[in-house]
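Report on the following structure.
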Amino acid sequence: MPARPTDVGEARCAMGEKLRTWRLPEQVRQDAILILSELVTNAIRHTPSTRILCCVGLTTDGVLHLEVHDQDLTARNLPPRDPGLDDEGGRGLLLVQHFADKWGAERSSLTGGNTVWAALTCRTGDAHSE
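Numbers 1 to 130, taken from full-length UniProt numbering, label the letters of the sequence shown in order.
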């Protein structure tokens, strides 16, 4: 997808539709959409990418994997910031860290840039229960 701020909403909608077809619980869908939104926003704001790639997968043991691939050839160092109370930004990765069971960054084999990923575990019986 194009790496434009106006396309973050499109990524959220596409993710929501995909997760609905997998019949994931509402809370898991909301958490995944929030995480994806933060990862896409970071890729758009903090890299020179003109396009980004969003991927999602669900394992047979109920782990939802989200990935955002950018075109930035510089390796990403992604420790969450410690924003002040009056700061307007800097909380995105703190949200990812809070809602994801695991997350990280690595070199993307698909774009040559970076992949920032997150994993959420669906509780037993969550997937396909609605």
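Positions of the beta carbon are idealized from the N, C-alpha and C atoms, including for glycine.
Note on residue 38: 16 or more other CB atoms within 10 angstroms of its CB, so buried under the neighbour-count rule.
The beta carbons of residue 105 and residue 66 sit no closer together than 8 Å. Residue 94 carries a helical assignment under DSSP once its states are collapsed to helix, strand and coil.
Take residue 116, set aside five residues on each side of it, and the residues of its chain with a beta-carbon closer than 6 Å to its own are 39, 68, 105, in chain order.
Around the beta carbon of residue 113, a 10 Å sphere encloses 16 or more other beta carbons of the protein chains shown; the residue is thus reported as buried. In this structure, residue 110 keeps its C-beta atom at 8 Å or more from the C-beta atom of residue 64.
In this structure, residue 19 sits away from residue 95, with a CB-CB distance that is not shorter than 8 Å.
Within its own chain, the residues whose Cβ lies closer than 6 Å to the Cβ of residue 70, once the five positions on either side in sequence are excluded, are 43, 47, 49, 52, 113, 114, listed in chain order.
The alpha-carbon separation between residue 10 and residue 24 amounts to approximately 20 Å. Around the beta-carbon of residue 29, 16 or more other beta-carbon atoms lie within 10 Å, marking it buried.
The beta carbon of residue 16 sits closer than 8 Å to those of 29, 33, all from its chain and outside the five residues before and after it, given in chain order. Counting only the Cα atoms, residue 3 lies some 15 Å from residue 73. As the crow flies, the alpha-carbon of residue 98 is around 18 Å from that of residue 26.
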